Structure formats: C-alpha cells, structure tokens
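**Q** Submitted below is the structure of interest, expressed as structure tokens.
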C-alpha cells in the first residue's frame, strides 16, 4: 500500500478555525502543496490579511506576518525588497483586497512587485458577520444590504482580475474556483504558475479564487458550492486574464 | 480499477460533507452515531468501493483525509 | 572628516545611509520632499532600495514589512502625511519592530500650510494611533543635530524594538548648515533573531499583530509598558543653556529653541537671569532636567498653541509656574517677541 494523498508539510498541525466547509482551507492546502512541491517551504514568507484569514499565520508552516487591513501588498513589498531571493506571498479576502486595500493591490501589481497574491472572493465580509463586500453580487443579500445589493444605491461589484489585467506590471492573472475536484486541480495549477513567475523574476502573480462563505450566505457547504457555480461564476468568469509567458510566442 | 483506502481524522473533520458530495462511488457519508470533540458528525467510510481517486481529500478544507492506494 | 554644507532634508538622508539604512519608502510632501529625492539618487549607489509608494499609508506598511524582514528602514513625511502613517506606526509598535520615521512638521490642522510648525507634538509624543503606546521622539535643533539624531534613532529603534520619530520642522529641513557624519553606536544592539528570513530548516518566525485572547493582549501591553519604563529611565536627553544662575527658565525644542537662545542672549545683556531647558527627547520627556531647580517661572515657547505645556507642568510639578507663548500656522517666532513676552512675565524682577 502507498500513500497517494496526505496533508501537506506546508501546513502546521494547528486546527483551522474556519467554519465547516469554508473554502479557505482548500486554498490554504493548495498554496502549501505548491510551495512544498517547489521545495520552497524553508524559503517563504507570507503576509496574511485582516478578515477570516487573519490567523492564517498559524496554519502555514513558513514565516508569516499579520498585515494591517488591506495593506498586505505594501507589507509584502517591504519584505520582498529586503529579501528578493525569498518567495513572498499575500493572502487576502475581498473586503481586505478589493475595498480598503484597493490602492495597495493596484500599485503593487502596477510596480510588477515580484510577489504572489492569492485573492479569496466570496462576495461577503466573513469575519465581521456578513456585511456587503465590494464583490457582493447585485441582488445578493448581506447584513448591510438586507434586501439585496441595490446597484442604484450601493453600486456595482469589482471584477479585480479584469481590472489588474489592464496593467503592464502583472505577469500572471487567473481566476479559478474550488467547487469540484477538477476546479481544485485547476486552481492548484494557477497558484503554481503564479508562484513560478515570481520565482523566475517575471513579475506580479495573482490568483483570484471564487470562494464560498456557507455561514454568512446561509447555505450548507454543498449548496454554497452550487451557488458559486450558478450565481458567482457567471458574474466572475473563470480563466486566464494575463500570462506574459505566452504573449509574443 | 485501482482500489483505495481512506483514513479520516475524525477529530479534525467538521462534517461539512464536501467529501461526501464529490465521491464518485458513494464511499463516504456523515456518521449518524459518532460525535467528535468539537461536536460534529464526522465523515466515515461505508463501503469498499474506493477507487483511490483522491477527490474527497482534495476537497476537504481541513486536510482530514489521507488516501492510500492498494497495490 | 571635513564639514560639508548640506540642506537639512538631504543631510538626514545621508545620515540614514551612514547608519546602515538601505531601505526607504516614502511619498512626496512639502517641506520634506528633498529627503526622498536625495535618497532616490543615493540609495541605489550603495546597493539600497528606494520606493516611491502610492501613499503615506502604503509607505509605512512597506516599512513594516522591511522592518519585519530585519532591515533598517526609513520613511519620512510632513504633518498631514504623518497623520496618514499613524495606522502603520501603531502596527509597527504593536509588533515590537524597529523603524525610523521623520516628520518635518508644517502648520496644521488638516492640510494647514506648507510653512514650518510644531503642532504635531501631541500626535507624535502622545501617540496618534490607537492603543496604549509611546514612540521615542527626538527633536533636533540644528542640521548637525538632525544628522546625529537620525543615526542614534536607528540604534534606539533596534535596541528597544520600537519606532523612533525624528520630530523636526520645515525650517530645519530646508536650511543649509555645515555638517559632518560620524556614526558611532553607543549601545549594544541585540541580534534580530526574530526577523522574517524564510525559516530554512529551523523554526518559523511570525510577526503577529492580533491577540484574540484578552489576557494575551493585556500581557502584551504590560510588556510594552515595561519597555517604556526602561526608556524613561535611560534615555532622557536635554540641553541646558545659561541655567547655572537662572531664575526664569524657557522650555523650548527644535527651531523654537534656537530662536529662544537668541532671546536669552539679548535678555542676559540686559541683566535678566534667564536660561533654557531644551528637551532633545520629547518622549521620554526629560523630567530629570527639572529636578532640584529653583525656578520662579517656566516659559514654554513653541510654534504651536501650547502642546508641550502639560508635560512641563508635570515635570516641574507646579501648574502655576508654567506660562506659554507661541505662534502657529506656519509663523516663525522672532527673538524680539520672545524677549517681549519674557519681560511681561518677569517684570522688574531682574
């Protein structure tokens, strides 16, 4: 008998505090697996956000720093400039990255900072209890949009991958999801690619993961995955938005 | 068809059922009798039909599942 | 080394390089822009890194990252810009990280004016971010002292693992004076064995800012307070000018203190027994300087509406002994108006 799948060495033994079925755990696992497979676990530093993943520093088995809300790309910039030979990542949710930290992510991308950002888009503020996020879908309910997001009052969601893909700085941008084993495999490939462009010094790598929040969506974990497929992905289409390794070939 | 063996760390499992939902062979279901330290009904193996596809383990947010292949 | 004539802002940049700082993250604002301009040119020559950040907020968070990575890191700004940096300063403080922040003050509040001011005393000395904390605050009164203090600031920051603020003003930043550069650390600096460097085969390092457990958070605060007790015991610095036989004492720092010294020279010629206590550290405030002194009145002179007054009252332990004169909004005091104020206080008591 041979072990063909086990927990990555890139994760510690600390139990995740996330709600049952929260996809943060799936994405943590993918990042950990990628860095393990690249042989970079001893060479990695991650800036974690404010939001549900604020305690992710305890879960990743490599160096980590807790950032101010939205500022992880700036903090990671400081780290990467000091240690250009290390793998430097940010891991951010949609409130953190696409609302309070919009300025920092846009400029880190525009500078072509050689870091990798994992962006969790689940259309809601999880940690504070289900408030409207910059990515909340039109009509989708939140505790600060109790009758659903009214675009005439609250405006429209941000499509961050598309926005960043207009810039010259990013080397790789892909939007993925994790609702099926096939999507999980694709998400892993995307994260690997975004790490490799950093490793090769090509520029900024960005993977947006259309993710779930069963608790604040008021759905079971399995139904939440269906919601992603039926409602989220039509608004946030999956795919590669930028890949400089392919351009000009 | 390959044969597999699934081991679930019952005290890490949160009973989210994602593994159950993706298993092509209906090998897993949530226990109706066990309750773990955190108060969840953990997933358990209910038949010998595992084909070592690792779908359950890849979907598990809590990395509670180990899959072995029977040679 | 022969002295060179340099503008304050540029001299501060050179001092940082001499002290081993290789990382600067900043944003343009008058009257400090010569500092990032200088470092954008000079840092790359010594293998250093200059980043013009997208905002003051980003700049201080880049400093947070660079400091966490174990580097000597610097940012600079002026009053409204330093207000923006307060969030990051609080995070760096809470994470026990060393950093140096230069504030070339201008008149406030809000956008205020681009002329020199000293109205950020409360923001920088009392803590402009949330929570119970202090930063070490150094107040230079000349370009040479700014140079020396920047060098010492990096040592203090590393020694106590805390942000150090150089609280100066647009006048010192813009004026040219002859300076020399001689970096000689006076303190034993602890190894940065906590820094984020990639763990290799060893233990992973974490820089944390969240203490979910209230008891953990209180304990961390208690540790911070212990640090401040040590700083208050060991690091008070001040200058005394004509204090030996003084019966009336000015208390003034930075640019105001230079002007006050001119006023003292005039008053002394006329027979007034006046002197000056010039705090060089604003935090820790040099309370020791006020001990055992038999002074009739302390005349606090500032380019603000009197932000240091409470500290002087506490230091001399007598609310009624402290009087204040100041100009603000970018107006620079004149020696003549300080002389006139002193005479109104002292009256015929020569």
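Residue numbers (this note's numbering), protein chains in the order written: chain A, 1050 to 1298; chain B, 29 to 99; chain C, 7 to 356.
Using N, Cα and C, we set each Cβ at its ideal position, and we do this for glycine too.
Fair warning: this is a prediction, and the values are worked out from it, not measured in the lab.
(1) Along chain C, which residues have their Cβ under 7 Å away from the Cβ of residue 1110/A?
(2) For residue 124/C, report the span of its alpha helix (DSSP H) as first-last.
(3) For residue 1051/A, count neighbouring Cβ atoms within 10 angstroms of its own Cβ and tell me buried if that reaches 16, exposed if not.
(4) Quick one, which residues of the segment 77-90 of chain B are near chain A if we go by CB-CB under 9 Å, in chain order?
(5) Give, in chain order, every residue of the segment 1056-1069 of chain A whose Cβ lies closer than 9 Å to some Cβ of chain B.
(6) Let me see if you follow: with CB-CB separation under 8 Å, is residue 170/C close to chain A or not?
(7) Quick one: Cα of residue 255/C to Cα of residue 1141/A, how far?
(8) Listed in chain order, which residues of the segment 1134-1167 of chain A have Cβ atoms closer than 9 Å to some Cβ of chain D?
(9) Counting only the same chain and skipping the five closest in sequence on each side, list residues whose C-beta sits under 6 Å from that of residue 184/C.
(10) Just how far apart, CA to CA, sit residue 1099/A and residue 110/C?
(11) Show which residues of chain B have a CB atom less than 8 Å away from the CB atom of residue 1050/A.
(12) Quick check: is the beta carbon of residue 47/B nearer than 8 Å to any beta carbon in chain A?
(13) Ignoring anything shorter than 4 residues, give me the alpha helix (DSSP H) runs that lie fully in the segment 254-293 of chain C, in order along the chain.
(14) Under the three-state reduction of DSSP, which class applies to residue 1213/A: helix, strand or coil?
(15) Ordered along the chain, which non-local residues of its own chain (more than five positions away) have a Cβ less than 6 Å from that of residue 1165/A?
(16) Relative to the alpha-carbon of residue 297/C, which residue among 322/C, 305/C, 288/C has its alpha-carbon at the smallest distance?
(17) Answer with yes or no whether the minimum CB distance from residue 105/C to chain A is below 8 Å.
(18) Check whether the Cβ of residue 1071/A lies closer than 8 Å to any Cβ atom in chain B.
(19) Starting from residue 97/C, find everything on chain A with Cβ-Cβ shorter than 7 Å and list it in chain order.
(20) Spatial neighbours of residue 1298/A within its chain, please: CB distance less than 8 Å, with the 5 preceding and 5 following residues excluded, ordered by chain position.
(21) Taking 8 Å as the CB-CB cut-off, is residue 1114/A touching chain C?
(22) Note down, in chain order, each residue of its chain lying with its Cβ closer than 7 Å to the Cβ of residue 45/B, except the 5 sequence neighbours on either side.
(23) In this structure, how does DSSP classify residue 1087/A when only helix, strand and coil are distinguished?
(24) Counting only Cβ pairs nearer than 9 Å, list the residues of chain A close to residue 76/C.
(25) Could you check whether residue 259/C and residue 145/C sit closer than 8 Å to each other, using their CB atoms as the reference points?
(26) Report yes if the C-beta distance between residue 1206/A and residue 1284/A is below 8 Å; otherwise report no.
(27) Does DSSP put residue 1285/A in a helix, a strand or coil?
(28) How big is the Cα-Cα spacing for residue 164/C and residue 1080/A?
**A** Quick answer:
(1) Within the first chain, the letter at position 61 stands for residue 1110/A. 210, listed in chain order.
(2) As a position in the third chain, residue 124/C is number 118, starting the count at 1. Boundaries cannot be given for residue 124/C, as no alpha helix (DSSP H) includes it and DSSP labels it neither H nor E.
(3) In the first chain, residue 1051/A corresponds to position 2, counting from 1. By the neighbour-count rule (16 or more Cβ atoms within 10 Å), residue 1051/A is not buried but exposed.
(4) Within the segment 77-90 of chain B, 80, 81, 82, 83, 84, 85, 86, 87, 88, 89, 90 place their CB atoms closer than 9 Å to a CB of chain A, listed in sequence order.
(5) Among the residues of the segment 1056-1069 of chain A, those with a Cβ less than 9 Å away from any Cβ of chain B are 1056, 1057, 1060, 1064, 1065, 1067, 1068, 1069, in the order of the chain.
(6) Counting from 1 along the third chain, the entry for residue 170/C is found at position 164. False, the Cβ-Cβ gap to chain A never drops below 8 Å.
(7) Counting from one through the third chain, the residue named residue 255/C turns up at place 249. Counting from one through the first chain, the residue named residue 1141/A turns up at place 92. Rounded to whole angstroms, residue 255/C to residue 1141/A spans 55 Å at the Cα level.
(8) Of the chains in the structure shown, none is chain D; the protein chains are A, B and C.
(9) Counting from one through the third chain, the residue named residue 184/C turns up at place 178. Excluding sequence neighbours, residue 184/C sits near 9, 11.
(10) Counted from its first residue, the first chain places residue 1099/A at position 50. Counted from its first residue, the third chain places residue 110/C at position 104. Between residue 1099/A and residue 110/C, the C-alpha separation is close to 31 Å.
(11) Working through the first chain from its first residue, we reach residue 1050/A at position 1. Going along chain B in sequence order, the residues near residue 1050/A (Cβ under 8 Å) are 33, 96, 97, 98, 99.
(12) Position 19 of the second chain, counted from the first residue, corresponds to residue 47/B. Look at residue 47/B: its C-beta is not under 8 Å from any C-beta on chain A.
(13) You should have 260-275.
(14) For the purposes of this step, residue 1213/A is taken as residue 164 along the first chain, with counting starting at 1. DSSP places residue 1213/A in helix when its eight states are reduced to three.
(15) Against the first chain, residue 1165/A aligns to sequence position 116. For residue 1165/A, where only same-chain residues beyond five positions count, the Cβ hits under 6 Å are 1138, 1243, 1244, 1247, 1254.
(16) To locate residue 297/C, count along the third chain from 1; it is residue 291. Of the candidates 322/C, 305/C, 288/C, the residue whose Cα lies closest to the Cα of residue 297/C is 322/C.
(17) In the third chain, residue 105/C corresponds to position 99, counting from 1. For residue 105/C, the nearest beta carbon of chain A is not closer than 8 Å to its own beta carbon.
(18) Position 22 of the first chain, counting from 1, holds the residue named residue 1071/A. At least one chain B Cβ lies under 8 Å of residue 1071/A.
(19) Working through the third chain from its first residue, we reach residue 97/C at position 91. Below the 7 Å Cβ cutoff, chain A contributes 1117 as neighbours of residue 97/C, in chain order.
(20) Stepping through the first chain from its first residue, residue 1298/A is reached at position 249. Here residue 1298/A scores only 43 on pLDDT, less than 50, and its place in the model is too uncertain to base an answer on.
(21) Here the question's residue 1114/A lines up with position 65 in the first chain. It does: the Cβ of residue 1114/A has a partner Cβ on chain C nearer than 8 Å.
(22) Taking the first residue of the second chain as 1, we reach residue 45/B at position 17. Contacts found: 58.
(23) Reading the first chain from its first residue, position 38 is the one you call residue 1087/A. The three-state reading of DSSP puts residue 1087/A in helix, counting H, G and I together.
(24) Along the third chain, read from residue 1 onward, the residue named residue 76/C stands at position 70. 1131, 1132, listed in chain order.
(25) Taking the first residue of the third chain as 1, we reach residue 145/C at position 139. Taking the first residue of the third chain as 1, we reach residue 259/C at position 253. In contact: residue 145/C and residue 259/C (Cβ atoms closer than 8 Å).
(26) Looking up residue 1206/A in the first chain gives position 157. Looking up residue 1284/A in the first chain gives position 235. Result yes, Cβ atoms of residue 1206/A and residue 1284/A sit closer than 8 Å.
(27) Along the first chain, one-based indexing puts residue 1285/A at 236. Shown here, residue 1285/A sits in coil according to DSSP, grouped into three states, outside any helix or strand.
(28) Sequence index remark: in the third chain, residue 164/C carries index 158 (1-based). Sequence index remark: in the first chain, residue 1080/A carries index 31 (1-based). Each residue's alpha carbon lies about 33 Å from the other.
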